[in-house]
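Heads up, the sequence shown is in UniProt numbering, so the first residue is 1 and it goes up one at a time.
No residue lacks a Cβ here, since even glycine has one placed at the ideal position from N, Cα and C.
The next block holds one structure in the form of structure tokens; read it before the comments.
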Amino acid sequence: MQDLAEEGIAEKVASRLIFIDKGRIAEDGSPQALIENPPSPRLQEFLQHVS
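The structure is reproduced here in structure tokens:
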């Protein structure tokens, strides 16, 4: 998964990104918006671990 994140695959192939935290949809939006400016601390933490 880390390799895919480093290559930016989500931004290239997806039109929508859904981040699920503890079984609930925590974030839903365009990959570019969520990856470049994560709106929640939990998504920020997740992105730091996979990139």
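- Query: Which same chain residues, not among the five before or five after residue 47, have their C-beta less than 7 Å away from its C-beta?
  - Reply: To locate residue 47, count along the sequence shown from 1; it is residue 47. Counting only Cβ-Cβ distances below 7 Å, and skipping sequence neighbours, we find 35, 38.
- Cβ shell of residue 28 (< 8 Å), same chain only, five flanking positions each side left out: For the purposes of this step, residue 28 is taken as the residue at position 28 of the sequence shown. Residues 16, 17, 18, 19 of the same chain have their beta carbon placed closer than 8 Å to that of residue 28, with the five preceding and five following residues left out of the count.
- Straight-line Cα distance separating residue 12 from residue 41: Position 41 of the sequence shown, counted from the start, is the residue given in the question as residue 41. Position 12 of the sequence shown, counted from the start, is the residue given in the question as residue 12. Per the coordinates, the alpha-carbon of residue 41 lies some 24 Å from the alpha-carbon of residue 12.
- Item | Nearest to residue 25 (by Cα), restricted to the options 43, 33, 8 | Numbered from its first residue, the sequence shown carries residue 25 at position 25. When the alpha-carbon of residue 25 is set against those of 43, 33, 8, the nearest one is in 43.
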